[in-house]
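Q: Its first residue numbered 650, the sequence shown is counted upward by one per residue in the numbering used here.
In this text, a Cβ means the ideal position worked out from N, Cα and C, and glycines have one as well.
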Amino acid sequence: MNLTELNRIATAMVAPGKGILAADESSGTIKKRFDAIGVESTESNRRDYREMLFRSREAMSQYISGVILYDETIWQDAKDGTPLVKLIEQSGAIPGIKVDEGTQALPMCPGELVTVGLDKLAERLKKYYERGARFAKWRAVIDIGSGIPSMTAIGVNAHALARYAALCQAAQIVPIVEPEVLMDGDHDIDRCYEVTTRVLNKTFQELRVQRVALEGMVLKPNMAISGKKCAKQAPVEEVAEKTIRLLKACVPAAVPGIAFLSGGQSDEEATAHLNAMHKLGPLPWGLTFSYGRALQAAPQKAWSGKAENVAAGQNAFSHRARMNGLASKGEWQSSLEKKAA
């Protein structure tokens with residue numbers, strides 16, 4: 650393992666003013682997104698959509714540091730025969746790959762899930778590296794509800810994340826470690842804070858047991874935030890303050906960077922929260938975004954599967970990428986959104 654090189658890539662992934670595009674929706678998830686805009690989810694439509702994003706010169710070269718791909722996408726070529734991975738490299742961004750194989754019910758823990766995909770992962774990583782992937786992603790899902798999460802669910806998911814991370818580093822691939830505490834419930838921000846603390850502490854304990862070099866990874870956590878069904882939604886400043894307090898308590902300074910998931914927040918909410926956190930600096934690690942929906946909802950709508958809308962889709966993507974790029978330096982203002990509109 651060349652830790653200097655892993656650290657160089659991890660640091661580039663969280664470079665100031667840039668963040669990670671999560672374009673790793675599974676076939677089922679992207680079908681839902683396409684259904685919403687009236688586009689059939691065929692392999693060629695999925696390819697055309699992602700090619701549109703990766704050819705957005707302004708967004709990709711100025712605001713995107715890396716792209717997380719789905720297995721189908723990493724092997725696809727653009728319409729002119731150029732591998733999509735090459736388009737990403739040509740823009741100056743780093744190609745990455747989602748390697749987990751989704752979730753299964755966790756035995757003896759009703760309502761809880763465990764992420765699977767460790768079998769044969771070492772072989773898959775080798776192939777992905779040869780194709781150009783320099784980082785990977787594995788997502789663990791922790792739900793908050795009545796009597797959950799259990800320490801069993803937190804423990805098995807943290808263990809799987811750490812084993813995945815060790816396999817990545819052995820394959821010279823930077824692991825994005827993503828323990829996501831979902832915001833689907835009616836819990837308040839303090840319950841999210843408490844559960845996320847337990848999840849992160851257990852995750853870093855397991856990373857140490859598996860001998861993962863913290864300098865060669867990126868953390869992708871949720872923010873401390875109210876559940877979607879909670880009657881009292883915490884304001885932006887409270888989300889920022891509690892998230893930073895939580896991260897400082899749980900994340901060692903050796904980690905080069907933290908790239909947040911948007912986790913169901915609206916485009917602007919995700920941007921405002923990240924921006925507010927940068928007002929609380931200086932911070933011990935790079936802090937940026939690794940958004941899927943919060944970067945893609947607008948370009949998907951603008952594109953709507955029509956070739957004549959490619960430029961409009963790219964403009965919408967560039968705008969969201971720029972807004973989040975500014976937020977990752979604490980330079981975003983809501984008035985910039987209205988100006989673009």
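If we ignore side chains and look at the alpha-carbon of each, how far apart do Tyr698 and Val763 end up?
A: Those two C-alpha atoms are separated by around 31 Å.
Q: Is the number of C-beta pairs between the region 814 to 830 and the region 768 to 779 that are closer than 8 Å three or more?
A: In short, these stretches touch, since the Cβ pair count reaches three.
Q: Compute the beta-carbon to beta-carbon distance between Gly668 and Ala908, rounded to the nearest angstrom, for a pair I have assumed lies under 8 Å.
A: Gly668 to Ala908, Cβ: 6 Å. Contact.
Q: Since I believe Asp837 is in contact with Cys879 (beta carbons under 8 Å), could you give me their beta-carbon distance rounded to a whole number of angstroms?
A: Yes, Cys879 and Asp837 are in contact; Cβ-Cβ is about 5 Å, under 8 Å.
Q: Per DSSP, Gln753 forms a beta bridge with which residues?
A: Partner(s): Val763.
Q: So is Pro798 in contact with chain D if we call contact Cβ pairs under 8 Å?
A: In summary, chain D is missing from the structure at hand, where a single protein chain is found.
Q: In terms of alpha-carbon separation, which member of Tyr712, Glu980 and His927 lies closest to Ala661?
A: Of the candidates Tyr712, Glu980 and His927, the one whose C-alpha sits nearest the C-alpha of Ala661 is Tyr712.
Q: Take Gly912 as the anchor and find which of Leu936, Gly941 and Ala921 has the nearest alpha-carbon.
A: Considering only alpha carbons, the answer is Gly941.
Q: Among residues of its own chain, excluding the 5 on either side of Ser983, which ones have a beta-carbon nearer than 8 Å to its beta-carbon?
A: Excluding residues within five positions, the ones whose Cβ falls inside 8 Å are Glu917 and Ala921.
Q: Going straight from the alpha carbon of Val734 to that of Glu890, what length do you get?
A: Straight-line Cα distance between these residues: approximately 37 Å.
Q: Could you tell me the alpha carbon to alpha carbon distance between Gly906 and Glu738, rounded to whole angstroms?
A: Looking at the two C-alpha atoms, the distance is approximately 21 Å.
Q: Got a sec? Which residues, its chain only, sit under 8 Å from Val790 by beta carbon, not counting five neighbours each side?
A: Only Thr752, Leu762, Thr764, Asn806, Glu829 and Leu831 meet the Cβ criterion.
Q: If you reduce the DSSP assignment to three classes, tell me which class Ala908 lands in.
A: Strand at Ala908.
Q: Excluding the 5 residues flanking Leu655 on each side, which residues of the same chain have their C-beta closer than 6 Å to its C-beta?
A: Answer for Leu655: Val823 and Gly865, listed in chain order.
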